[in-house]
Structures are given as C-alpha cells and as structure tokens.
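Asker: Using full-length UniProt numbering, read the sequence shown as starting at 1 and increasing by one per residue.
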Amino acid sequence: MATINVTKCEVSPNDCPLSTNLDISIEFNTDKTLKQGSWKLQYEVDYTGSRHILDIATTQPQEYESGTNHCFAFSVPEVNVEGIKEKSLMNMGLLRAVLTDGAEHVSDVTLVVQVTKENETLMRRILSPIE
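#1: For the region 107-116 against the region 47-59, are there 3 or more C-beta pairs whose distance is under 8 Å?
#2: Would you list the residues sitting across from PRO17 in a DSSP beta bridge?
#3: I need the straight-line Cα distance from THR121 to THR3, nearest angstrom please.
#4: Put LEU88 into one of helix, strand or coil per three-state DSSP.
#5: If we count Cβ pairs, one from each stretch, closer than 8 Å, do we get three or more for the region 81-88 versus the region 21-38?
#6: Drop a sphere of 10 angstroms on the beta-carbon of LEU127, count the other beta-carbons inside from all chains shown, and report buried for 16 or more, exposed for fewer.
#7: Just the C-alpha distance for ASN5 and THR30, rounded to the nearest angstrom, thanks.
#8: Which class does LYS40 belong to by DSSP, given the choice of helix, strand or coil?
#9: Could you say which of GLU86, ILE26, LYS85 and ARG125 lies nearest to PHE74 if we only look at CA atoms?
#10: For the beta strand (DSSP E) containing ASP31, name the first residue and the last one.
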C-alpha cells in the first residue's frame, strides 16, 4: 500500500456560513505510483448514534506518479446540509478527503469542522490538520 505525505492543505472561505461555497486544495506526494487515484470529499456529522455522511464531490481517476508532488482541488458552490437537524450540525464535524486507488483505500485527510451559531446563522471554522 502507498504512503501519502500531505505537504499543504488550504480551505476557503473560512469563518463563514456553514452551507456557503467551499474550496479545498491538498498538495501531497506518494511513495508508490497510484494508477487510478481518485479523491472523494465528504462531510460527516455524528450526534448520539445519528451519523450523517454527505458526499460532496469526487475527482475522476488519474495516475499519481511516485516521487513527485501532486495537487488536487475541489470547488463546490455550496455544502448542502438540508435535512440534518441543527443539534447534529452543532457538534464537531469532520471534512474528510478520502484517497483511493481503484477499489483500494489509500489514505484520509481529516479536517475538524467547528460549527457555532451567530445571529441565527450556523457558521463554520475548518481546522487544517497540518497547521
């Protein structure tokens, strides 16, 4: 199995409404070539046994050569949390970028999402795992 080294992770905007647009880029390298590398972005909330995993976006498979730096980026117009109870959203959430090579799981990059309520609006703050 390949080992992934994440060298940079950027998320924007931050300190904004929870459902607003989301841009994320992750720079990484791998010690083994991934022939069918694909990233899936998910948002996960969990409240006393009620777990919700939202699939946000997925990249097309591509080859990631070993020994070189790579970057992938997602840009989505909104994070749709419709149908999830506010009390679930108010817990810590996880923004997870999942890397696979074909059907094989390779690695996860997990970012903690803090959600607060300001003037009746749910606000998000995403914490980078490498800061």
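Every residue gets a Cβ at the ideal spot worked out from N, C-alpha and C, and that includes glycine.
Answerer: Walking through what the data contain:
#1: In this structure the region 107-116 does not lie against the region 47-59, because fewer than three pairs of beta carbons, one per stretch, are closer than 8 Å.
#2: MET123.
#3: Going by C-alpha positions, THR121 is about 40 Å away from THR3.
#4: In the sequence as displayed, the identity of residue 88 is Ser instead of Leu. The answer is helix: DSSP assigns SER88 an H, G or I state.
#5: Not touching, per the Cβ criterion.
#6: It is exposed - the Cβ of LEU127 has fewer than 16 other Cβ atoms within 10 Å.
#7: Approximately 6 Å, taken between the alpha carbons.
#8: The three-state reading of DSSP puts LYS40 in strand, counting E and B together.
#9: Cα-wise, what sits closest to PHE74 is ILE26.
#10: Per DSSP, ASP31 is not a residue of any beta strand (DSSP E), being assigned neither H nor E.
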